[in-house]
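Following: one structure in structure tokens, then a few remarks.
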Amino acid sequence: MKAASDYKEIIPGKKWFETIVVRVFFFFIGMGMQTAYRIDPDVKKEVDSWPETFSFCMSVVGGPSMLMLKKAGSFQYLGEKEVFYADVEMCWKNITFAYLVMTGRISVPNAVYHNRQFVRGSLIYTMSILRIMNIVQTLLLPNFIARFFIKEVPKLTFKKIVNRAITYFNIGYGVIK
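In the numbering used here, the protein residues as written are 19 to 195.
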């Protein structure tokens with residue numbers, strides 16, 4: 019019988035494609051939230067109900083993250099920062115689970131049900147963040163794709179088309195900046 023030291027240790031490879039997809043998703047959602055705060059009254063009302071200085075982080079354990087900060091009447095996407103403290107932290111347990119959620123293969127409620135995601139912080143603020151994310155996803159995604167992420171996609175109006183154009187412009191400006 020072989021000793022344990024005779025077996026070669028298997029080290030899993032890096033999931034570079036999934037990591038890139040998650041980073042891009044975090045960037046678009048972050049910039050979309052920042053823009054939606056300025057142009058959508060529902061998002062503004064929801065964010066203004068939070069405490070004056072409020073931060074939340076979406077992250078993958080040991081992987082990419084996204085930090086949003088509400089401070090002094092503004093709502094900012096701070097990018098991938100090292101988080102010491104966030105009022106609400108939404109974490110996926112690994113990059114594969116985050117990738118599945120962000121490509122629409124499984125829903126966020128399904129991910130929570132199967133213990134693929136966990137939340138640290140107030141559940142009230144978490145639900146508020148999810149409502150904002152639903153609005154932002156309707157701004158960012160075409161309706162035929164948004165139906166994979168949202169249960170009821172609202173009707174497409176002229177105002178929504180204009181808001182989408184503004185959001186796309188601001189995201190493009192954020193890439194250059």
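The C-beta atom is built at its ideal place from N, Cα and C for all residues, glycine as well.
> At a cut of 8 angstroms, does the stretch 63-71 reach the stretch 133-141 through at least three beta carbon pairs?
Replying inline: Contact fails between the stretch 63-71 and the stretch 133-141, because fewer than three Cβ pairs, one in each stretch, are under 8 angstroms apart.
>> Quick check: is any heavy atom of the ligand NAP less than 6 angstroms from the C-beta of F115?
In response: Of the ligands one can find in the structure shown there are none, so the ligand NAP has no counterpart to examine.
>> As a quick exercise: from Q135, G80, E70, pick the residue whose alpha carbon is nearest that of V90.
In response: Residue numbering aside, residue 90 sits at position 72 when the sequence shown is read from its first letter. Val is not the amino acid found at residue 90; the sequence shown has Ala there. Here the closest residue by C-alpha is E70.
> Using the rule of at least 16 other Cβ atoms within 10 Å of the residue's Cβ for burial, across every protein chain shown, is T53 buried or exposed?
Replying inline: Reading the sequence shown from its first residue, position 35 is the one you call residue 53. Under this definition T53 is a buried residue.
> Exposed or buried, which one is P82 when buried takes at least 16 other CB atoms within 10 Å?
Replying inline: If you number the sequence shown from 1, residue 82 lands on position 64. A residue is called buried once 16 or more other Cβ atoms fall within 10 Å of its Cβ, and P82 is buried on that count.
> Can you list the beta strand (DSSP E) stretches of 3 or more residues lying completely in the stretch 111-161, in chain order?
Replying inline: Counting whole runs of 3 or more residues, the stretch 111-161 contains the beta strand (DSSP E) stretches 135-138.
>> Between which two residues does the alpha helix (DSSP H) holding F176 run?
In response: Along the sequence shown, one-based indexing puts residue 176 at 158. First-last of the alpha helix (DSSP H) with F176: 176-194.
> Three or more beta-carbon pairs under 8 angstroms between the stretch 32-40 and the stretch 128-135, yes or no?
Replying inline: The stretch 32-40 vs the stretch 128-135: no contact.
> What number of angstroms, rounded off, separates the C-alpha of P59 from the C-alpha of V180?
Replying inline: Here the question's residue 59 lines up with position 41 in the sequence shown. Here the question's residue 180 lines up with position 162 in the sequence shown. Straight across, the Cα-Cα distance linking P59 with V180 is about 14 angstroms.
> Which residue from S146, K173, M145, I147 puts its Cα closest to that of T156?
Replying inline: Here residue 156 refers to the residue found at position 138 of the sequence shown. Of the listed residues, the one whose Cα sits closest to T156 is K173.
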